[in-house]
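**Q** Dumping the structure here so I can ask a few things about it.
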Amino acid sequence: MRRHGQVSEVPEPSAREHVCWVYRDDAELHSAGMAFLAGGLARGERLLCVGDRLAAGLRADPAALGGIAGLVAAGTLRVLTFAEAYEVAGEFSAENQWAFYDAATRRALADGYTGLRVLADVSPLAGDPVLHDELVRWEHVADQFMATGPGMSAMCAYRSDLPESALADVTAVHPLVRSTAATAFRLFFDGKRLVLAGDVDTLGAERLTRALGCSPAHPGTHSLDLAELQFADVAAIRVLAAWARSVTDDGGEVQLWNAPALLRRTWRLLGLDEWARVSFAAAA
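FYI, the numbering for the sequence shown is 34 to 317, going by the numbering used here.
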């Protein structure tokens, strides 16, 4: 399974990482970002840095990563402000972002790099009430891309002074999270299979509904691994059932892997067997 959970330091570099880093100030953003990018250099990855604060930090520290100008000249590092990123990728949407990063990753591989490592300060989007929902959808779609795509890793940075609900939404769709506030649950991809980890209660049920609603639709079987689910109350179980019902209504199938015994028992007691047809599998 992909590495997941709460982290206090930038993880050791590996492929297909997706880290959510909630930062307090520009100094912390720069320090964590440079550690993440340095890991990409060590792995032979091309680097892409997106965000006004990040670009300013690099201008103020030209010797970072062994010399910013040399990396840019060699094509190993590309730095985009937020406005420049919009111009390149087009209007913000999950589909446009997917197309942009898929193309960038494939170009990196074609140019001899081992992958693409992206550092992006996405705070302006999280703080925009118009774009927030699409941002959460993109973060979840991006996690699928990183878990199954050609070879991209990313650190998504968010300011700690953003609204608590906005931060909870974005941290919920990353496998690795650094935040001063506890992340109740995480929904992420392990290959083509979804994983739900942590605790989901009545307070988090609506957030789980939104996160599952962001999952890309596709024909065939949707697998959700619950081995890392520590707690789910009745409201959370009803959310899982509603998601399963929507998938099967669209002609798909749902497999729930490694469901806790209490969840399976509650599922039966609530009469969900007939309402939301799923198959329970005992082992992944």
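Idealized CB from N, CA, C, for every residue including glycine.
Where does A315 sit, in a helix, a strand or coil, going by DSSP?
**A** By 1-based counting over the sequence shown, the position of residue 315 is 282. It is coil, neither helix nor strand.
**Q** Sort A214, P208, D234 and T216 by Cα distance to L227 and report the nearest one.
**A** Locating residue 227 in the sequence shown gives position 194, counting from the first residue. Nearest of A214, P208, D234 and T216 to L227, Cα basis: P208.
**Q** Taking the DSSP output, what are the residues bridged to Y191?
**A** Taking the first residue of the sequence shown as position 1, residue 191 is located at position 158. According to DSSP, Y191 bridges with V55.
**Q** So N129 and A122 are supposed to be a Cβ contact under 8 Å. How far apart are they, rounded?
**A** Here residue 129 is taken as the residue at index 96 of the sequence shown, counted from 1. Here residue 122 is taken as the residue at index 89 of the sequence shown, counted from 1. Sure, about 6 Å apart at Cβ, within 8 Å.
**Q** Taking the beta strand (DSSP E) that D258 belongs to, which residues open and close that run?
**A** The residue you call residue 258 lines up with position 225 of the sequence shown. D258 -> beta strand (DSSP E) spans T254 to D258.
**Q** Kindly confirm or deny that the stretch 194-201 and the stretch 79-90 touch, where touching means at least three C-beta pairs closer than 8 Å.
**A** As far as the Cβ criterion goes, the stretch 194-201 does not touch the stretch 79-90, which means the pair count is below three.
**Q** Counting only runs of 4+ residues fully inside the stretch 196-250, write out the alpha helix (DSSP H) ranges in chain order.
**A** Within the stretch 196-250, the complete alpha helix (DSSP H) runs of at least 4 residues are 197-204 and 235-246.
**Q** Does DSSP classify M185 as helix, strand or coil?
**A** For the purposes of this step, residue 185 is taken as the residue at position 152 of the sequence shown. DSSP places M185 in strand when its eight states are reduced to three.
**Q** Comparing C-alpha positions only, which one of D232, A269 and G231 sits nearest to T242?
**A** Numbered from its first residue, the sequence shown carries residue 242 at position 209. Checking every option, the nearest Cα to that of T242 belongs to A269.
**Q** Does R79 come out as helix, strand or coil in the three-state DSSP assignment?
**A** Here the question's residue 79 lines up with position 46 in the sequence shown. Looking at R79 - three-state DSSP - the assignment turns out to be strand.
**Q** Specify whether the stretch 84-91 and the stretch 111-118 touch according to this definition: at least 3 beta carbon pairs, one from each stretch, less than 8 Å apart.
**A** Yes: the two stretches touch, three or more of their Cβ pairs being nearer than 8 Å.
**Q** For A315, which of L305, A292, D282 and L302 has the nearest alpha-carbon?
**A** Reading the sequence shown from its first residue, position 282 is the one you call residue 315. The shortest C-alpha separation from A315 is found at A292.
**Q** Between A190 and A153, which are expected to be in contact by the criterion C-beta below 8 Å, what is the C-beta distance as a whole number of angstroms?
**A** What you label residue 190 is simply residue 157 of the sequence shown in a count that begins at 1. What you label residue 153 is simply residue 120 of the sequence shown in a count that begins at 1. Between A153 and A190 the Cβ distance is about 7 Å, and since that is below 8 Å, they are a contact.
**Q** If we call anything under 8 Å between Cβ atoms a contact, is A277 one with A309?
**A** Position 244 of the sequence shown, counted from the start, is the residue given in the question as residue 277. Position 276 of the sequence shown, counted from the start, is the residue given in the question as residue 309. Yes, the Cβ-Cβ distance between A277 and A309 is below 8 Å.
**Q** For the stretch 114-185, list the beta strand (DSSP E) runs that are entirely contained and at least 3 residues long, ordered along the chain.
**A** If we require 3 residues or more, the beta strand (DSSP E) runs fully inside the stretch 114-185 come out as 149-154.
**Q** Which two residues bound the contiguous alpha helix (DSSP H) that contains A88?
**A** As a working mapping, residue 88 is identified with position 55 in the sequence shown. Taken as a continuous stretch (DSSP letters only), the alpha helix (DSSP H) holding A88 covers D85 to A93.
**Q** Does the Cβ of G72 have 16 or more other Cβ atoms within 10 Å, making it buried, or fewer, making it exposed?
**A** Sequence index remark: in the sequence shown, residue 72 carries index 39 (1-based). Burial call: buried.
**Q** With a 10 Å radius around its C-beta and 16 neighbouring C-beta atoms as the bar for buried, classify A28 as buried or exposed.
**A** Because the chain is modelled from 34 through 317, residue 28 falls outside the range shown and cannot be assessed.
**Q** What are the uninterrupted segments assigned as beta strand (DSSP E) that are 3 or more residues long and contained completely in the stretch 252-299, given in chain order?
**A** List check, beta strand (DSSP E) in window: 254-258, 262-265 and 286-290.
**Q** By DSSP's criteria, R111 is part of a beta bridge. Which residues make up the other side?
**A** In the sequence shown, the residue the question calls residue 111 occupies position 78. BP columns for R111 point to L81.
**Q** In terms of residues, what are the limits of the alpha helix (DSSP H) holding E307?
**A** Counting from 1 along the sequence shown, the entry for residue 307 is found at position 274. That run of the alpha helix (DSSP H) goes L305 to W308.
**Q** Determine the DSSP secondary structure at G100, reduced to helix, strand or coil.
**A** Within the sequence shown, the letter at position 67 stands for residue 100. Coil at G100, not helix or strand.
**Q** Between the stretch 37-46 and the stretch 163-182, are three or more C-beta pairs nearer than 8 Å?
**A** No contact exists between the stretch 37-46 and the stretch 163-182.
**Q** Do F218 and G231 count as a contact pair if the criterion is CB distance below 8 Å?
**A** For the purposes of this step, residue 231 is taken as the residue at position 198 of the sequence shown. For the purposes of this step, residue 218 is taken as the residue at position 185 of the sequence shown. Yes, these two residues count as a Cβ contact at 8 Å.
**Q** State the CB to CB distance for the pair F125 and E172, rounded to an integer number of angstroms; the pair is presumed to be in contact (CB under 8 Å).
**A** As a first step, residue 125 must be located in the sequence shown, where it is residue number 92. As a first step, residue 172 must be located in the sequence shown, where it is residue number 139. About 12 Å separates the two Cβ atoms, so there is no contact after all.
**Q** Alpha carbon to alpha carbon, what distance is there between H165 and T213?
**A** Within the sequence shown, residue 213 is the residue found at index 180, counting from 1. Within the sequence shown, residue 165 is the residue found at index 132, counting from 1. Each residue's alpha carbon lies about 21 Å from the other.
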